[in-house]
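Asks:
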Ligand code: SF4
């Protein structure tokens, strides 16, 4: 923990809802959950917000978009920068996480058809291929291998790029920018510069797609909703999906593999029983909860959460790792048990903003973990190489060497 | 079909499930929990394959797990449903 904390540059201290001891939320956070339940905490930007920590309360907040507004929450965050209103509106366009219904519903409806379970199943063979190609390359090169660089990062990255229609050649640049955008240890100005750079890239991509819409998701959006969606909205949607598709699954693959390596009995179950993978992925999602908190919400009226009064106009965040390990909702919550098979977790959020890509992420993880563990049955961590990446919107591994 | 909803009052029996497509966000969680009861149409929105499914446990899990609150078990509102029918 001390090592990861010192990695956080700048004067701001890491907020309590982002701090972890390796896989676990810090005791300060769980004490908050088991004590005051809802309490004010300081964010990385120095703002005081209400942290909601219990499973039942988190579900309640996330189910009630009318009271807990993402639009206002985003506007609050945006006040921290010095952009003009027009620039801010441009940055926000197409970002589903920055809108409440009915604006959110309009955008989400256009995308749901692309992320159905059935559509995802059609992608399955291609995901197998991508996974196998990377395992082949690891095998050919021989151990040791940095699992993050050689497997966890490139697999979801290729999948989302193909799904969206991002040219392969642009991938490296894109990966770098995404990593920087979500790296909270970088100075705000630098993150903003990268944000604009990323926005520009998206604009080029959208222009290209509008001229020649292909079979991919962006092409479909242009063909079917080209009249409804503004240029900025298309760029915003593409940007959100690309970032989400890169950073989440890849960190789950890295961190999840390390979690299994450190629980050999659990790893053996996943490796040896093909039916074990589905519940195992759910348990890893729950136990690791790599998204520290959802987006910030701002209350539209005086309200109350778990008996604590929250005035109108205050900001609320949901501490997902605390909620997913709430002993009131699950037995022995700190134990990793891949046979639980419970999908009541909030790792993908809840309510109308529930992760659009959840079916894709699940499929990538099922295929990825199973193939990795079967290809290298003797997979082992190189001691001392696991580098937890903390000061980041999404928790995960920066690096982690393995042998076999 | 609606005749079997009365059995929905028992723990393990049939349940009468209602899906609100205006609320559904197409997350497909229900399809994952109970594939023979729920499907998604071409727009990704929930479609009921059976209204009074036999596997109450899986359906309850789907209802619980639906992130948008689009699913509801109607037969559990025992008295009101029964009275409305009479
Ligand atoms: S789980 Fe709920 S939101 Fe998701 S597809 Fe089913 S009904 Fe719709």
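Chains as they are written, first to last, in the working numbering: chain A, 68 to 471; chain B, 2 to 87.
Here a beta-carbon is modelled for each residue, glycine too, at the ideal position from N, C-alpha and C.
Here the structure is a predicted model, which means the values were calculated and not measured.
#1: Using a Cβ-Cβ cutoff of less than 8 Å, which residues in the same chain neighbour residue 59 of chain B once the five nearest sequence positions on both sides are dropped?
#2: When you check each C-beta in the region 263-281 of chain A against every C-beta of chain B, which residues fall closer than 9 Å?
#3: Does residue 311 of chain A come within less than 7 Å of chain B when only Cβ atoms are used?
#4: From A/104, A/124 and A/135, pick the residue whose C-alpha is nearest to that of residue 378 of chain A; which is it?
#5: Between residue 56 of chain B and chain A, is the shortest Cβ-Cβ distance under 7 Å, so that the two count as touching?
#6: According to DSSP, which residues form a beta bridge with residue 213 of chain A?
#7: So residue 232 of chain A packs on residue 281 of chain A, CB below 8 Å; how close in whole Å?
#8: Leaving out five residues before and five after residue 470 of chain A in sequence, what residues of the same chain have Cβ atoms less than 7 Å from its Cβ?
#9: Kindly give me the distance between the Cβ atoms of residue 318 of chain A and residue 205 of chain A, rounded to whole angstroms, as I take these residues to be in contact under 8 Å.
#10: Give the interface partners of residue 426 of chain A over in chain B, defined as CB-CB distance under 7 Å, in chain order.
#11: Quick check: what's the CA-CA separation for residue 452 of chain A versus residue 316 of chain A?
#12: Quick check on the contact list: which residues have their beta carbon closer than 7 Å to a heavy atom of the ligand SF4?
#13: For residue 418 of chain A, which residues in chain B fall below 8 Å Cβ to Cβ?
#14: What in chain E is Cβ-close to residue 180 of chain A, meaning under 9 Å?
#15: Looking at the strands, I want to know which residues DSSP matches up with residue 364 of chain A.
#16: Would you call the region 298-311 of chain A and the region 183-202 of chain A in contact, with 3 or more CB pairs under 8 Å?
#17: Give a yes or no on whether 7 Å exceeds the smallest Cβ distance from residue 4 of chain B to chain A.
#18: List in chain order: all unbroken alpha helix (DSSP H) runs of 4+ residues lying wholly within the region 147-202 of chain A.
#19: Candidates A/458, A/461, A/457 and A/175: which alpha carbon is nearest residue 305 of chain A's?
#20: Would you mind stating whether residue 418 of chain A and residue 139 of chain A have Cβ atoms separated by less than 7 Å?
#21: For the putative contact between residue 24 of chain B and residue 52 of chain B, defined by C-beta atoms under 8 Å, what is the C-beta separation to the nearest angstrom?
#22: Can we say the region 170-187 of chain A touches the region 396-409 of chain A, given the rule of at least three CB pairs closer than 8 Å?
Replies: In this structure, then:
#1: Counting from 1 along the second chain, the entry for residue 59 of chain B is found at position 58. 34, 35 and 38, listed in sequence order.
#2: none
#3: For the purposes of this step, residue 311 of chain A is taken as the residue at position 244 of the first chain. Output row for residue 311 of chain A: interface = no.
#4: Reading the first chain from its first residue, position 311 is the one you call residue 378 of chain A. Checked all of A/104, A/124 and A/135; the closest Cα to residue 378 of chain A is A/135.
#5: The sequence position of residue 56 of chain B within the second chain is 55, counting from 1. It does not: the Cβ of residue 56 of chain B has no partner Cβ on chain A nearer than 7 Å.
#6: If you number the first chain from 1, residue 213 of chain A lands on position 146. Note: residue 213 of chain A sits in a beta bridge opposite A/468.
#7: Position 165 of the first chain holds residue 232 of chain A. Position 214 of the first chain holds residue 281 of chain A. 6 Å between Cβ atoms; contact.
#8: Within the first chain, the letter at position 403 stands for residue 470 of chain A. Cβ within range, chain order: 210, 211, 447 and 449.
#9: Indexing the first chain from 1 puts residue 318 of chain A at position 251. Indexing the first chain from 1 puts residue 205 of chain A at position 138. Not quite, the Cβ-Cβ distance comes to about 19 Å (not below 8 Å), so this is no contact.
#10: Reading the first chain from its first residue, position 359 is the one you call residue 426 of chain A. The answer, in chain order, is 29.
#11: As a position in the first chain, residue 452 of chain A is number 385, starting the count at 1. As a position in the first chain, residue 316 of chain A is number 249, starting the count at 1. The alpha-carbon atoms of residue 452 of chain A and residue 316 of chain A are separated by roughly 21 Å.
#12: B/20, B/25, B/26, B/27, B/28, B/29, B/30, B/31, B/32, B/39, B/41, B/46, B/47, B/63, B/66, B/67, B/68, B/69, B/71 and B/72
#13: For this step, residue 418 of chain A is matched to residue 351 along the first chain. Simply 68, 69 and 70.
#14: The chain inventory of the structure shown lacks chain E, comprising the protein chains A and B.
#15: Within the first chain, residue 364 of chain A is the residue found at index 297, counting from 1. DSSP output for residue 364 of chain A lists A/383 as bridge partner(s).
#16: no
#17: Counted from its first residue, the second chain places residue 4 of chain B at position 3. The predicted position of residue 4 of chain B is uncertain, since its pLDDT is 37 and thus under 50; a value taken from the coordinates is nonetheless stated next. No, because no Cβ of chain A sits closer than 7 Å to the Cβ of residue 4 of chain B.
#18: 152-159 and 170-179
#19: In the first chain, residue 305 of chain A corresponds to position 238, counting from 1. It is A/175.
#20: Walking along the first chain from the start, residue 418 of chain A turns up at place 351. Walking along the first chain from the start, residue 139 of chain A turns up at place 72. No, the pair does not count as a contact, with Cβ atoms beyond the cut-off.
#21: The count along the second chain starts at 1 and reaches residue 24 of chain B at position 23. The count along the second chain starts at 1 and reaches residue 52 of chain B at position 51. About 17 Å; that fails the 8 Å criterion.
#22: no
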